[in-house]
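Data block below; observations after.
There are 2 protein chains.
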Amino acid sequence: MVKTKFKEVSNSHKLKTYIAIPRIFSKIKGGYVMVSSELMNEYKKLMEKSKEIIIFDSIKSLLEWDMQTKMPPRGILLRSQQLGLVSQIEHKMITNPEIGRLIESIMKHPDYDSLNEQQKRNVYLVKKFYDEQTKLPERLVVETAKQEAIANEAWKKGKAAKDFSVFKPELEKLVELKKEAAEILMKVKETPTPYDALIDIFEPKMTSEMITKIFNELKTGLVSILEKCVSSPKQPDVSILKRKIPIEVQRKISKELAKFIGYDIESEKAGGRIDETEHPFTTGYYYDVRITTHYYEDNWASSVFSVLHEGGHALYDQNLNPEWIYQPIGSPCSAGIHESQSRFIENIVGRSREFWLYFLPKLNELTNNAFSDVNLDALVHAVNLVKPSKIRVEADEVTYCLHIIIRFEIERDLFADKVSVAELPQVWNEKYKDYLGVKIENDSEGVMQDIHWAAGLFGYFPSYALGNIYSGQLLAKMEKEIPNWKEQLANGNFNSVKQWLTKNVHSYGNLYDPADLIRIVTGEEINVKHYLNYLNEKYSKLYGF
Amino acid sequence: MVKTKFKEVSNSHKLKTYIAIPRIFSKIKGGYVMVSSELMNEYKKLMEKSKEIIIFDSIKSLLEWDMQTKMPPRGILLRSQQLGLVSQIEHKMITNPEIGRLIESIMKHPDYDSLNEQQKRNVYLVKKFYDEQTKLPERLVVETAKQEAIANEAWKKGKAAKDFSVFKPELEKLVELKKEAAEILMKVKETPTPYDALIDIFEPKMTSEMITKIFNELKTGLVSILEKCVSSPKQPDVSILKRKIPIEVQRKISKELAKFIGYDIESEKAGGRIDETEHPFTTGYYYDVRITTHYYEDNWASSVFSVLHEGGHALYDQNLNPEWIYQPIGSPCSAGIHESQSRFIENIVGRSREFWLYFLPKLNELTNNAFSDVNLDALVHAVNLVKPSKIRVEADEVTYCLHIIIRFEIERDLFADKVSVAELPQVWNEKYKDYLGVKIENDSEGVMQDIHWAAGLFGYFPSYALGNIYSGQLLAKMEKEIPNWKEQLANGNFNSVKQWLTKNVHSYGNLYDPADLIRIVTGEEINVKHYLNYLNEKYSKLYGF
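The listed protein sequences derive, respectively, from chains A and B. Residue numbers for the first sequence follow the working numbering, so the first one is 1 and each next one is one higher. Residue numbers for the second sequence follow the working numbering, so the first one is 546 and each next one is one higher.
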């Protein structure tokens, strides 16, 4: 990897002395390489356009954050107009033909190869996004946006009425539109199948064939662990998690957790904040990254793990390479890599015995001794209860990926015309019985439980499981480099872990596609084994198998 | 006034049947008038552009609100980029030559006179704004923006060091740039003097000659009342205002005040909210109008009156004619009329005996009987203490306008080259001695107390005093139409007053310039007498003269 900082090129370029001469010098690894100033001019223009899009998009994120957290109810009437206008302006910025012209001018320039790795990646990322956004016909984009809104409404109604037939016709139309888009994107992106073109939006270069292979191995491993956990006579007492903790106290717990992981929400240099929403989320960019959580008086652990989960996302967004801010490479790598960071902090750290060795006394102190009678191992087992369930968002570490695998297999077959929308409930229910051994009573707790399909988000689900797999693989590598990380954790020191993640994941931004990043950081291809080893080791101790 | 709703024209125009024929019918007062469909098309295009600008500007307001209330400190690094980009895009939208073309096409169209009053006003307002924004040379706009930032920094430093010489050179440069702009705007707007062109930005069509006449009369009246108050043996005991009230309780008081004036922040249809900032302000548009306040534990009255003041602004913004939303006429009339609404609620209502007759028991209840020993008349006198002071923002009702008159006279003479920047401190201190009888010890409590000049806001100050004058004149009219309004207020009923203000001020939006609005609503020209009568009557009772 060439370690040149693009900033130096850019700065030297500002010097008037250099502007007058046709070629400027770009420092690379101590040597000098000639970069055409004409090419650099075009490159800088492209980066300027890209910067505007990135900043503009961060404004849209703030409008959405405010909508979820602070906006008075009637504000939605103005907000929908604001969001519509912002999307319209953003779309114009993204599909500006000048961007197409600059990309072509740069890529066909005889000196193109003199650009360094980061510059080339920037051009590649802008091109990819530009192609995705410009190759879909306007008619299709507009129709899809409309149908997404209609399907979303039908989903809400159908879910409330436990009646799939309300959702079905609108979902059918949406799937048809998505198939049409996938066919077009398949050609642009040169993916093996149309569905792969959708996956590529969230997990670049990943294919359904690769995922099928990975998920099959994962499934076998998970089912084996699940059976051992379920059949073990040693089961946790989860009543500890239902002790009533006042919400004001839970807010203090959140602050303590944020402090622990190094997500600053209180100091004069804070770049974060925690607010409250129905569904927790993370949003922001570098200097201003905000998370939300939800407090339940009789489920204190819910907000503990959602703060750790969203905090994991936030650390990623905050610790991208600061020199790459406003550049395409100064963005997260993929949905899966993002999820690896949240699951790492939530599960690998937050549900570990060592974390609770440190945090239980803190928790007890903050709650005015509400946990003084609680045994450490009992608590650790309780927060790691393994139990097959019907609802993905409530699933534990062992069963979670099985929920995802079911969704992936269904999406894959749907887009390969092997299963129809009408057959979805039946296929869903069968798979839940096969993989998780649970009986779905109605489609609201079944095929209609998630918003994703109603929102047109096909190809997104695999990222959740891939994130878990990545987190296990990153853990294996980290354990070699920081053998005593658990000891540090038990002493309340999270710093080494945080720095390791920043160095090995956050700071790479979007320089590589996810599979490449994993190979570069861990030294091997994506490998399910590490995540399964982690689970086996952990749950065999907890459940005594 | 033609009472046609533009909405009807617009809707009928959508019908395909009408689009094919060259002229469509616009319903006016039950009859039909021919409006060229070509003209209507151009008009609709202009309104579409104007709507985009209005919505886009509301996004900028949200960015600014968030910056003052919620943004984590490091977020400023991203926010400044966002605000820079938004200003740049907004400037392009406003100065889009297509707007100039549409204006000309509409105004020169042979059927122009067939547009109704509201449509013509919309075109007029777009044209006025377009001219203001396009006639100033780019160089001057950029230089001024830079100098404002520099002057602002110098002002902060100078104020902290109590040293006008730090601020002086930067203010001199800024005044020169503002004079240049004023000269250009004077020609565009055809105002008598350059300074009048600046006043016109905030108080359309108002001139320094008119203001001088009005303020001279006001000054005489105020000085007379002030002398009587100060020399009266009957003086209030203000220690009541210094009782410590926990901030959590003060927040509840704010909610109660918001509920009382009909500013909804709690219901499922709420269109407002109250947050906390160093300096209270109001921002928003129709459905989403937010106010802020500041709580001091040992000065509970401060937030009471700031919530009433900002609440008055908010009621105006929320109760503009809903049919005019996103149109230029669907905006407030002027800075002065806006201030008349905030001062009406803060002072005429909020500092009245009748209001406290109703609210004192509420206050006592909310504060757990912290005021059970307090006599109503003692409290009313305390919140109406008249005392000459050096600082404008802390001034009472009687002296407030004298602070403004001083600033106006100085600005007027500055732009007429009768006084120089170097002479400002001396002129300031002399006027404070003459009008208020106070001795300014240093320039931080003198000429550098306000941010306005450092921010380039010349011509803004008069609006504050005009707002008070308007509020008195509106009161005189309202008293004729609702003779028992004070009785209603004493019973905790604010509804009639609110409805009267909405009908007579809010709902007119920007259909008229301020002087016309006052004439239409009150039946007479701007008349200082009413405000002076109000003060005389109120303070003669309080101070017994």
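Where a beta carbon is used, it is the ideal one built from N, C-alpha and C, also for glycine.
Just so you know, the alpha carbons of E217/A and S420/A end up roughly 26 Å apart. Contact between T827/B and Q613/B does not hold, since the beta-carbon distance rounds to 12 Å and is not under 8 Å. Cβ proximity to chain A below 7 Å picks out nothing from the stretch 898-931 of chain B.
Inclusion of Q994/B and R937/B in the CB contact set at 8 Å is warranted, their separation being smaller than that value.
In terms of beta-carbon proximity, Y831/B lines the interface with chain A, with at least one pair separated by less than 8 Å. Close to F601/B, with beta-carbon spacing below 7 Å, are these residues of chain A in chain order: L85. Burial state of I792/B is exposed, judged by a 10 Å Cβ sphere holding fewer than 16 other Cβ atoms. Boundaries of the beta strand (DSSP E) harbouring R273/A: 272-276, taken from the DSSP string. Here the C-alpha atom of I106/A lies approximately 38 Å from the C-alpha atom of K213/A. Per DSSP, the continuous alpha helix (DSSP H) segment holding R666/B begins and ends at 662-680. Proximity of chain B to D66/A at the Cβ level (cut-off 9 Å) is accounted for by L607, W610, D611, K615, in chain order. Take R273/A, set aside five residues on each side of it, and the residues of its chain with a beta-carbon closer than 7 Å to its own are I265, R290, in chain order. Chain A has no Cβ within less than 8 Å of the Cβ of A699/B. Relative to the Cα of A927/B, the nearest Cα in the group E884/B, L622/B, D941/B belongs to D941/B.
Look at I634/B: its C-beta is under 8 Å from a C-beta on chain A. For the pair L360/A and S812/B, the Cα-to-Cα distance works out to about 40 Å. Rounded to whole angstroms, L532/A and Y195/A show a C-alpha spacing of 27 Å. Looking only at P332/A, N384/A, E176/A, W453/A, the smallest Cα-Cα distance to D513/A is reached by P332/A.
If only uninterrupted beta strand (DSSP E) runs of at least 3 residues are considered, none is enclosed by the stretch 611-664 of chain B.
By the Cβ rule, the stretch 1003-1013 of chain B does not count as touching the stretch 705-716 of chain B, because fewer than three pairs are nearer than 8 Å. With a contact defined as Cβ atoms closer than 8 Å, L315/A and Y263/A qualify at about 6 Å. For I890/B, there is no enclosing beta strand (DSSP E), since its DSSP letter is neither H nor E. In the assembly as shown, E1026/B is an exposed residue. Its beta-carbon has fewer than 16 other beta-carbons within 10 Å.
The stretch 392-418 of chain A is shown to contain whole alpha helix (DSSP H) runs of 4 or more residues at 397-415, in chain order. When DSSP states are grouped into helix, strand and coil, D288/A belongs to the strand group. The Cβ atoms of R666/B and L1062/B do not sit closer than 8 Å to each other.
The beta carbon of L77/A sits closer than 8 Å to some beta carbon of chain B. In the DSSP assignment, R684/B falls within the alpha helix (DSSP H) that extends over 683-705.
I348/A is outside the set of residues whose beta carbon lies under 8 Å from a beta carbon in chain B. When secondary structure is reduced to three states using DSSP, S917/B falls in the coil class, being assigned neither helix nor strand. Scanning chain A for C-beta atoms nearer than 7 Å to the C-beta of R619/B yields K269, A270, G271, Y287, D288, reported in chain order. Contact annotation: the stretch 637-650 of chain B touches the stretch 589-601 of chain B, with at least three C-beta pairs closer than 8 Å. At the C-beta level, S603/B and Q147/A stay beyond 8 Å of one another.
Along the stretch 37-52 of chain A, going in chain order, the ones with a CB nearer than 7 Å to a CB of chain B are E52. Here the C-alpha atom of R353/A lies approximately 9 Å from the C-alpha atom of K538/A. Ranked by how close their Cα comes to the Cα of V528/A, the residues T220/A, L77/A, L85/A have T220/A in first place.
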